[in-house]
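Chemist:
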Amino acid sequence: MNLPVQTQGLSKRYGGLTAVRDLDLTVRAGEVYGFLGPNGAGKTTTLRMLLGLVRPSAGTVRLLGRTPGAGRLTGVGALIEGPAFYPYLSGRDNLRVLARYAGVGADRIATVLDLVDLTSRAGDRYTGYSLGMKQRLGVAAALLKDPRLLILDEPTNGLDPAGIADMRALIRRLGAAGCTVLVSSHLLGEVEQICDRIGVIVGGRMVAEGSVAELCGSAGLRVLADPLD
Ligand code: ATP
């Protein structure tokens with residue numbers, strides 16, 4: 027069985043700055059993996075390398091057993107940048123447009139709207155959505171092709187407390203449904219609530235990895251505590 031994510035010695039240098047250094051990251055099938063680190067730690071750069079959007083300076087990436095960049099990323103959904111939606115179309119119609127490009131049937135749209143808890147607001151214009159709803163529509167778009175692996179870059183960033191709670195509940199639901207999720211965050215309390223395993227990245231290096239139970243008692247990690255707690 028291929029691992030959903032496996033990197034070895036992954037590094038990225040920008041001129042004199044090493045954004046990611048010698049990173050070994052493994053995400054196992056069926057787990058919600060929290061990629062935890064403060065701002066500027068190298069989370070987004072790592073996720074971009076996983077998806078083949080940024081070329082590593084060194085090291086290897088395998089996603090579902092394949093090397094990204096060498097063809098289509100089948101089985102992988104991602105939300106790592108605010109997705110571009112049409113402001114004056116409804117949430118449902120935005121998904122219809124994307125589904126058509128992705129070759130996905132209309133029945134899947136109803137399923138993903140349900141999954142992200144937007145069915146009741148699916149006919150509303152995107153412009154009227156809260157930030158949290160917009161993020162959940164982004165997750166719905168990432169789920170259109172029923173991926174085995176979902177990669178989310180700080181999906182609760184900038185959301186109000188209700189939006190944060192809804193997004194965390196969504197990630198827990200996806201994990202419970204058997205989807206493998208790799209989610210980045212700078213909040214220890216957040217990964218503590220929603221993840222099975224955590225990797226901690228600081229200054230581009232993986233400094234700790236383990237189950238929530240193993241890592242969350244660690245005093246050093248309290249600097250990343252959740253301000254909502
Ligand atoms: P944040 O939570 O703030 O997004 P992050 O953990 O995702 O942080 P990255 O965005 O990966 O961190 O950035 C890691 C480091 O690499 C930072 O010092 C950043 O300034 C630098 N960096 C990222 N992208 C580039 C780029 N295209 N060119 C130069 N430096 C970059």
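Those letters in the sequence shown? Residues 27 to 255, by this note's numbering.
All residues carry an ideal CB built from backbone N, CA and C; glycine is no exception.
Please read these numbers as outputs of a predicted model, since none were measured by experiment.
Looking only at DSSP bridge pairs, what is serine 211 linked to?
Modeler: Note: serine 211 sits in a beta bridge opposite Leu62.
Chemist: Measuring CB atoms only, is the stretch 163-178 touching the stretch 133-147, in the sense that at least three cross pairs come out at less than 8 Å?
Modeler: Output reads yes: the stretch 133-147 touches the stretch 163-178.
Chemist: Does the Cβ of serine 210 have 16 or more other Cβ atoms within 10 Å, making it buried, or fewer, making it exposed?
Modeler: Per the 10 Å Cβ criterion, buried.
Chemist: Alpha carbons only, please: which of Leu43, Pro109, Glu218, Gly154 is nearest the one belonging to alanine 167?
Modeler: Selected option, being the one with the closest Cα: Pro109.
Chemist: Which complete beta strand (DSSP E) runs does the stretch 47-118 hold, if anything under 3 residues is left out?
Modeler: If we require 3 residues or more, the beta strand (DSSP E) runs fully inside the stretch 47-118 come out as 58-62, 84-89, 102-105.
Chemist: At the level of alpha carbons, what is the spacing between glutamate 240 and aspartate 172?
Modeler: Approximately 32 Å between the Cα atoms of the pair.
Chemist: So, is threonine 100 buried or exposed, given that buried needs 16 or more other C-beta atoms within 10 angstroms?
Modeler: By the neighbour-count rule (16 or more Cβ atoms within 10 Å), threonine 100 is not buried but exposed.
Chemist: Return yes when the Cβ of threonine 182 is within less than 8 Å of the Cβ of glutamate 218, no when it is not.
Modeler: No, they are not a contact pair.
Chemist: Whose C-beta lies closer than 8 Å to the C-beta of arginine 118 among residues of the same chain, with five residues either side of it excluded?
Modeler: Closer than 8 Å at the Cβ level, and outside the excluded window around arginine 118, lie Ile135, Leu139, Ala148, Gly149.
Chemist: Out of Leu170, Thr93, Leu62, Asp222, point me to the one whose CA is closest to glycine 201's CA.
Modeler: Of Leu170, Thr93, Leu62, Asp222, the residue nearest in Cα terms is Asp222.
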